[in-house]
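Per this note's numbering, residue 729 is the first one in the sequence shown, and the count goes up by one each step. Cβ atoms here follow ideal geometry from the backbone N, Cα and C, with glycine treated the same way. Source: prediction; values computed, not measured. Below: one structure, written as structure tokens.
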Amino acid sequence: MKLSLIFLWGLGMGVCMGEGKWGMVDTTGTWRIAEKYDEVGKFRGDLAKSLALPEFLPGVKGAKIRKWLKAEGDEVKGGEPLAEVELTEPALPVEAPISGMLVKIGVPAGGAAIPGSALGMVRILGAVGIFERKQVEVVCPGYGPNPGSATMVRWIKEEGDAVVKGEKIAEIRPKEAMAMIQSPGMGTLVKIEVKDGEEAKVGQGVARMGIGRVAVKLGAEWFFTDERGNRVTKDHYDEVGAMEGGMAPVRTGEKWEYVDGEGVILGKAEQRVAGKKKDGFAAAFENKKMEFESARKVQGGLAAVKLNGKWGYVTYQDGGIRMVIAPRFLQARNFSEGLAAVEESEDAPMTDDTEAEQAEAEKSGMETKPEVPPAWGYIIPSGKLWGKLEFAEVGNFLDGRAAVKALGEGMPWVLVDSKIKVRTTGNYAGLVPLGGKRVAWRRGGVGWGLMDLQEKVVELQPGLKAQDGTGEAQDILAAVGPFESGLAPAKDVGGKWGYLDVDGKWAIAAKFERAGVFKCGLAAVKEVGGKWGYMKPDGSWGLEPKFSRVRAFSDGLAAVSEKGEVELGPELETGGAWE
């Protein structure tokens, strides 16, 4: 039974059938990437960052956004003005131009000054050459692209006082201090967080810039583009994964590597191995090109890689790759909520108990090695085994719970918590955590019910008994998926899809041929015999059904096609592959 919750419709490295080309739209339905690619992967805005209000001048702690010059969704270039701001605390410092003595105050407190005009005079002390300046003007500083007059607030130093270059010697207050917020680089203005007329403090986020990456395929080659479809990598690849955590796995020929957002291969890195080094294993991988037999995207800060037939984990650090957990697993899953399921090999890491046993054996002169059965268990990011290797099947953690099945014939499914302690008492033939503190369950038959983390059954249809006559509302759902935005896609016994809320009520009636998970506030649904569209949680259309093929939204963009034959999509199952 598969327990991963990744809703795949030919995503990433899969193959999509059907005619027509792929492009990408935003949540308003506006085309962001032209409909011209044979394949389009998952868009990731990992480089999307908050744009903070800069410190325009020393001492200025805030500003008012007078006017945004760009709208949300606009493409911008590095250094391009984004907004006009008015400094709200414009008591600006006047600094000494050189070290010496303030010999003249030309503009008294309350007097007017123009940026660039002289406010006073500083005399250089000590030896001065005959052709060198003996006095230097104190100039009124600039404070914006179109500065007007300013008022001298006060002189901190008096005539005759010694001053040091760069020292604050006076303060001025501009009548209107204007400045510009500029774009830090090329990208898209995704969201304006401080509106026109609102104030912000220095360092506060005023907008979000989207500088993302998506893998696309044109002909036989894969490469990466930005959110406008502009190619950002020179190289082409035979296969690619999603750009997560600052890097993406790519395959050229038989080997996998990782590239950063600009397509630069991330190579040499020091290997650090959790636990003991054996037979020079750690040293064998130091400063070598990081190529793998298989590689996955970053999840939970780490990416699973396969080397010499075993799985380990790497991370992106300081512009390179660091091997965090040495390859020693027969199989390995992605990290989720700080734990990853692994199937151990004979050189399994030791727990605290086995380390103590090993130490005792060494003291007695005996050579011993912990016996590790061929089973699944969980590890923490250091690579240390968390609990025991005692499961035949395991799932990922969600809401602090994972579904596992113990070794042995006919063993039931149980839920364990993050300490690998069993938290269920029922005899279940299937369990799938769905998020929203809800779990899909079944005891007999083929249908599914819904319960909370304390095994309290969520009544889906009052009075309807299960096939085993227990009176619990089982066999009501033919399939159910994960909760997002408080709703889960569910298929009724009649074969139609709709959406359930966490209380088991049909928030959106089961009337669709297919239904996906909500992402970015929209879910892909297909009308019976019709086309694909995107629905809002309130049941209204976010994007009208007009697409022949669709994929889920990610960071505000979704791959779609309006051309070609309408694609039905896979028949989704509880515990199957959901995006």
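(message) Could you give the first and the last residue of the continuous beta strand (DSSP E) run that contains glutamate 949?
(response) Translated into the one-based positions of the sequence shown, residue 949 becomes position 221. Where glutamate 949 is concerned, the enclosing beta strand (DSSP E) stretches over 949-953.
(request) Express the C-alpha separation of glycine 807 and proline 836 in angstroms, rounding to a whole number. (result) What you label residue 836 is simply residue 108 of the sequence shown in a count that begins at 1. What you label residue 807 is simply residue 79 of the sequence shown in a count that begins at 1. Spanning the two alpha carbons is a distance of roughly 38 angstroms.
(request) Could you work out which residue in Ile897, Arg979, Thr1043 is closest to glutamate 1309 when comparing CA atoms only? (result) No answer is possible for residue 1309: the residues shown for the chain start at 729 and end at 1307.
(message) Quick check: valine 1125 and serine 1146, are their CB atoms within less than 8 angstroms of each other?
(response) Here residue 1125 corresponds to residue number 397 of the sequence shown, with the count starting at 1. Here residue 1146 corresponds to residue number 418 of the sequence shown, with the count starting at 1. Before going on, a small fix: residue 1125 reads as phenylalanine here, not valine. Yes, the Cβ-Cβ distance between phenylalanine 1125 and serine 1146 is below 8 angstroms.
(message) Let's see if you can read the secondary structure: which residues bound the beta strand (DSSP E) around valine 831?
(response) Here residue 831 refers to the residue found at position 103 when the sequence shown is read from its first residue. Counting along the chain, the beta strand (DSSP E) containing valine 831 begins and ends at 828-833.
(request) Tell me whether threonine 1152 is buried or exposed, calling it buried when 16 or more other Cβ atoms sit within 10 Å of its Cβ. (result) For the purposes of this step, residue 1152 is identified with residue 424 of the sequence shown, where counting begins at 1. Buried, because 16 or more other Cβ atoms sit within 10 Å of the Cβ of threonine 1152.
(request) On the DSSP bridge assignment, give the partners of valine 1256 in chain order. (result) Here the question's residue 1256 lines up with position 528 in the sequence shown. According to the DSSP secondary-structure assignment, valine 1256 is paired through a beta bridge with no residue.
(message) Please report the distance separating the alpha-carbon of valine 850 from that of glycine 876.
(response) Locating residue 850 in the sequence shown gives position 122, counting from the first residue. Locating residue 876 in the sequence shown gives position 148, counting from the first residue. A straight line joining the alpha-carbon of valine 850 with that of glycine 876 spans about 25 angstroms.
(message) To test your reading of the DSSP string, which unbroken beta strand (DSSP E) runs of 3 or more residues are found completely within the stretch 752-820?
(response) Within the stretch 752-820, the runs of beta strand (DSSP E) at least 3 residues long that lie entirely inside it are, in chain order, 759-765, 777-780, 790-796, 809-815.
(message) I need the boundaries of the beta strand (DSSP E) containing valine 1070, first residue and last residue.
(response) The residue given as residue 1070 occupies position 342 in the sequence shown. Bounds of the beta strand (DSSP E) holding valine 1070 are 1068-1072.
(request) Going by CA-CA distance only, name the one from Glu990, Asn1036, Leu820 that's closest to leucine 1058. (result) What you label residue 1058 is simply residue 330 of the sequence shown in a count that begins at 1. Ranking Glu990, Asn1036, Leu820 by CA distance to the CA of leucine 1058 puts Asn1036 first.
(message) Excluding the 5 residues flanking lysine 1133 on each side, which residues of the same chain have their C-beta closer than 7 angstroms to its C-beta?
(response) Position 405 of the sequence shown, counting from 1, holds the residue named residue 1133. Phe1119, Ala1120, Glu1121, Met1139, Trp1141, listed in sequence order.
(message) Quick check: serine 911 and lysine 795, are their CB atoms within less than 8 angstroms of each other?
(response) On the sequence shown, residue 911 is found 183 positions in, with the first residue counted as 1. On the sequence shown, residue 795 is found 67 positions in, with the first residue counted as 1. Not in contact: serine 911 and lysine 795 (Cβ atoms no closer than 8 angstroms).
(message) Pull the bridge partners of proline 902 from the DSSP assignment, please.
(response) Here residue 902 refers to the residue found at position 174 when the sequence shown is read from its first residue. DSSP lists Ala878 as partners of proline 902.
(request) Determine the DSSP secondary structure at arginine 861, reduced to helix, strand or coil. (result) As a position in the sequence shown, residue 861 is number 133, starting the count at 1. Assigned with DSSP and collapsed to three states, arginine 861 falls in coil, not helix or strand.
(request) Just the C-alpha distance for lysine 749 and glycine 1270, rounded to the nearest angstrom, thanks. (result) The residue given as residue 749 occupies position 21 in the sequence shown. The residue given as residue 1270 occupies position 542 in the sequence shown. Each residue's CA atom was taken as its position, placing lysine 749 and glycine 1270 some 22 angstroms apart.
(message) Taking the straight line between their C-alpha atoms, what separation do you get for isoleucine 920 and leucine 810?
(response) The residue you call residue 920 lines up with position 192 of the sequence shown. The residue you call residue 810 lines up with position 82 of the sequence shown. Their Cα atoms are separated by approximately 10 angstroms.
(message) For a quick check, are the C-beta atoms of leucine 820 and proline 869 less than 8 angstroms apart?
(response) The residue given as residue 820 occupies position 92 in the sequence shown. The residue given as residue 869 occupies position 141 in the sequence shown. Closer than 8 angstroms, so yes.
(request) Tell me whether glycine 1267 is buried or exposed, calling it buried when 16 or more other Cβ atoms sit within 10 Å of its Cβ. (result) Counting from 1 along the sequence shown, the entry for residue 1267 is found at position 539. That one is exposed.
(message) Buried or exposed for leucine 853, going by 16 or more other Cβ atoms inside 10 Å?
(response) Position 125 of the sequence shown, counted from the first residue, corresponds to residue 853. Leucine 853 should be labelled exposed.
(request) Look at methionine 880 and alanine 841 and say whether their C-beta atoms are less than 8 angstroms apart. (result) As a working mapping, residue 880 is identified with position 152 in the sequence shown. As a working mapping, residue 841 is identified with position 113 in the sequence shown. Going by C-beta atoms, methionine 880 is nearer than 8 angstroms to alanine 841.
(request) Keeping to the same chain, check which residues put their C-beta closer than 8 angstroms to that of glycine 947; ignore five residues upstream and five downstream. (result) Your numbering for residue 947 matches position 219 in the sequence shown. Within the same chain, and ignoring the five residues on either side of glycine 947 in sequence, the residues whose Cβ sits closer than 8 angstroms to its Cβ are Asp766.
(request) Would you decide whether glutamate 899 is buried or exposed? Buried here means 16 or more other CB atoms lie within 10 Å of its CB. (result) Your numbering for residue 899 matches position 171 in the sequence shown. Residue burial is scored here from C-beta neighbours: glutamate 899 has at least 16 other C-beta atoms within 10 angstroms and is therefore classed as buried.
(request) Give the straight-line distance between the Cα atoms of glutamate 1272 and lysine 1219, rounded to the nearest whole angstrom. (result) Here residue 1272 refers to the residue found at position 544 when the sequence shown is read from its first residue. Here residue 1219 refers to the residue found at position 491 when the sequence shown is read from its first residue. Distance between the alpha carbons of glutamate 1272 and lysine 1219: 22 angstroms.
(request) Name the two residues that bound the continuous beta strand (DSSP E) containing leucine 1117. (result) For the purposes of this step, residue 1117 is taken as residue 389 along the sequence shown, with counting starting at 1. Judged by DSSP secondary structure, leucine 1117 falls within the beta strand (DSSP E) whose first and last residues are 1113-1122.
(request) Find the nearest neighbour of glutamate 1241 within the set Ile833, Gly1222, Asp1229, Val992, judged by alpha-carbon distance. (result) Along the sequence shown, one-based indexing puts residue 1241 at 513. Checking every option, the nearest Cα to that of glutamate 1241 belongs to Gly1222.
(request) Assuming glycine 1164 and valine 1230 form a contact by the criterion Cβ under 8 angstroms, report the distance between their Cβ atoms to the nearest whole angstrom. (result) The count along the sequence shown starts at 1 and reaches residue 1164 at position 436. The count along the sequence shown starts at 1 and reaches residue 1230 at position 502. At roughly 5 angstroms, the Cβ-Cβ gap stays under 8 angstroms, so glycine 1164 and valine 1230 are in contact.
(request) With a cut-off of 8 angstroms on the beta carbons, I'd call glycine 1249 and serine 1282 a contact; round off their distance for me. (result) On the sequence shown, residue 1249 is found 521 positions in, with the first residue counted as 1. On the sequence shown, residue 1282 is found 554 positions in, with the first residue counted as 1. Taking 8 angstroms as the upper bound for CB-CB distance, glycine 1249 and serine 1282 are not in contact here, some 12 angstroms apart.
(request) Helix, strand or coil for leucine 917, going by three-state DSSP, please let me know. (result) For the purposes of this step, residue 917 is identified with residue 189 of the sequence shown, where counting begins at 1. In this structure, leucine 917 counts as strand in the three-state DSSP scheme.
(request) Specify, as a first and last residue, the run of the beta strand (DSSP E) that lysine 1233 falls within. (result) Here residue 1233 is taken as the residue at index 505 of the sequence shown, counted from 1. No beta strand (DSSP E) contains lysine 1233, which DSSP labels as neither H nor E.
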